[in-house]
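Take 519 as the starting number for the sequence shown in our numbering and just add one per residue. Just so you know, even glycine gets a beta-carbon here, dropped at the ideal spot from N, CA and C.
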Amino acid sequence: MLKIYYICAVDLSNFDAQRTHILEVISEMQMLGNDVMLLLPRFQSTIENFPFNICPINVLLKSSKLKFVEYEIRLFFVLLWRCLRNRPDVLFTRKGFLTIAPGIIGKILRIKTVLEVNGIVADEVKSAFGLPDVAVAIFEKIERWNCRISDKIIAVTDGLKSMISERFSVDISRIIVISNGVNIRQFHPNGRQTGTGIRLGFVGNLVNWAGVEILVRSLPLIRQHFQNVELLIVGDGQERRDLENLVQSLNVQSQVTFAGKVAPQEVPDFINQCDICYVPAIAGRNSKIGGSSLKLYEYLACGKPVIVSDIPGLDMVRTHQLGRVVPPGDVAALASATIDLLRNPDELRTIATRARAIAEQQFTWTQTTEKIMEICAKKG
């Protein structure tokens with residue numbers, strides 16, 4: 519059994535993929551017999567009860583853009599005090615914008631540090647917030663330093679592993695690829711009847727690189743062959759208004775439903791309403807770091823045929839014949855792949871069975887966390 523301090527800079531009151539990842543991994547760590555404490559920022563007056571130990575760190579600048587800066591400063595002193603008082607075996611960090619305290623404390627106190635990286639923060643803040651170059655450069659320097667002082671780094675894709683090694687001059691042998699997973703107890707086929715219509719589905723953040731615009735633009739082409747097709751979009755984000763305007767301009771508003779952000783326990787029900795689900799990620803960011811999409815694993819666990827973009831990390835769809843793979847950003851190809859699948863109902867049923875089996879065999883959170891624990895337990 520290991521004593522692990524799991525450190526994150528995530529507001530867990532947001533029901534998103536980060537929350538899912540953190541809670542699932544910690545739960546599995548505990549089920550494997552480890553003693554885990556989560557250190558996290560407290561931005562709300564109250565904090566949720568979790569089925570594991572937590573150390574919420576109060577942040578006064580709750581609505582300020584500087585709230586994460588304050589959190590990182592407070593985190594350093596809280597984490598140092600806890601490590602001196604009750605020394606852990608591992609400091610496990612899900613990398614945030616500025617999270618460097620675990621690396622520093624780990625070096626000072628000779629505690630093993632494991633850093634989980636899900637993307638390049640400098641690139642993400644530049645894309646999402648339009649920060650000036652000097653601010654992006656600061657993020658990049660912190661990120662480089664953080665990666666270089668960590669004992670081990672977990673990357674979710676091979677592309678991200680290569681990028682970390684090359685961009686931050688990190689020995690590639692210190693970087694291990696472990697993909698995301700899915701809770702197969704929560705996500706499973708429910709056999710619910712959805713009526714006579716055909717429903718296509720997307721679940722996730724409505725951001726530029728998700729490629730939802732491509733899916734929306736494909737709908738009129740699909741409807742030329744299947745008039746009873748409708749599109750369900752579950753999630754929210756900065757692209758939602760533009761997508762709603764696009765739906766209006768294409769005159770398909772009666773065939774598109776924006777469900778918005780839903781509670782995690784409701785997501786399987788929405789997925790199970792769909793006949794085909796999508797990961798229409800665009801090139802650029804996705805082509806560089808690849809994809810380890812939570813929604814893809816959740817689709818598969820629910821037994822859904824999928825259509826995905828041809829980017830690194832989504833290769834299992836082609837390898838295991840789980841649907842169709844199309845060039846990223848190609849509206850016509852996405853529509854054609856959808857029409858092809860809809861014309862083959864026997865194949866859809868076969869894929870449904872295969873998808874669930876693959877999720878059970880290869881992509882559970884238990885399997886993911888067992889690999890993480892191997893890294894945490896290994897000496898050196």
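With contacts defined by Cβ atoms closer than 8 Å, Ile-807 and Met-681 form a contacting pair. In this structure, DSSP gives Ile-629 a state outside helix and strand, which the three-state scheme calls coil. The region 656 to 670 and the region 619 to 639 touch, with no fewer than 3 CB-CB distances between them shorter than 8 Å. The C-beta distance from Val-700 to Ala-535 rounds to 11 Å, too long to meet the 8 Å contact threshold. Residue range 553 to 560 is occupied by the beta strand (DSSP E) that includes Leu-556. For Ile-693, the enclosing beta strand (DSSP E) begins and ends at 693 to 695.
Rounded to whole angstroms, Leu-859 and Gly-614 show a C-alpha spacing of 40 Å. Straight across, the Cα-Cα distance linking Gln-783 with Tyr-815 is about 16 Å. CA-to-CA, the gap between Ser-582 and Lys-779 works out to about 23 Å.
Residue state for Ala-673 is assigned as strand, using DSSP reduced to three classes. Its Cα nearest to that of Pro-798, the residue Gly-841 stands out among Gly-841, Asn-763, Val-770.
Gln-766 and Leu-616 have their C-alpha atoms roughly 40 Å apart. Nearest to Ala-673 by alpha-carbon distance, out of Gly-847, Val-654, Ile-694, Thr-886, is Ile-694.
About 6 Å separates the beta carbon of Val-849 from that of Ile-732, a gap short enough to meet the 8 Å contact definition.
Nearest neighbour of Asn-790 by Cα position, chosen from Arg-603, Ile-575, His-706, Asp-641, turns out to be His-706.
Between Arg-741 and Gln-773 the beta-carbon gap is near 7 Å, inside 8 Å, which marks them as a contact. In summary, Trp-599 is exposed, with fewer than 16 beta-carbon neighbours lying within 10 Å of its beta-carbon over all protein chains present. With contacts defined by Cβ atoms closer than 8 Å, Ala-801 and Gly-847 form a contacting pair. If you compare the alpha carbons of Glu-546, Arg-836, Asp-864 with that of Thr-882, the shortest gap goes to Glu-546. Going by DSSP, Ser-545 is part of the alpha helix (DSSP H) stretching over 535 to 549. DSSP places Lys-521 within a strand segment (E or B) once states are collapsed to three. At the C-beta level, Ile-751 and Thr-775 come within 8 Å of one another. Residue environment: Ser-563 is assigned as exposed (fewer than 16 neighbouring CB atoms within 10 Å of its CB, all protein chains considered).
In this structure, Ile-660 keeps its C-beta atom at 8 Å or more from the C-beta atom of Arg-692. One thing to note: Leu-812 has its Cβ no nearer than 8 Å to the Cβ of Arg-758.
For Ser-827, the enclosing beta strand (DSSP E) stretches over residues 824 to 827. Within the model, the alpha-carbon separation for His-743 versus Gln-839 is close to 24 Å. Between Lys-521 and Pro-620 the beta-carbon gap is near 14 Å, outside 8 Å, which marks them as no contact.
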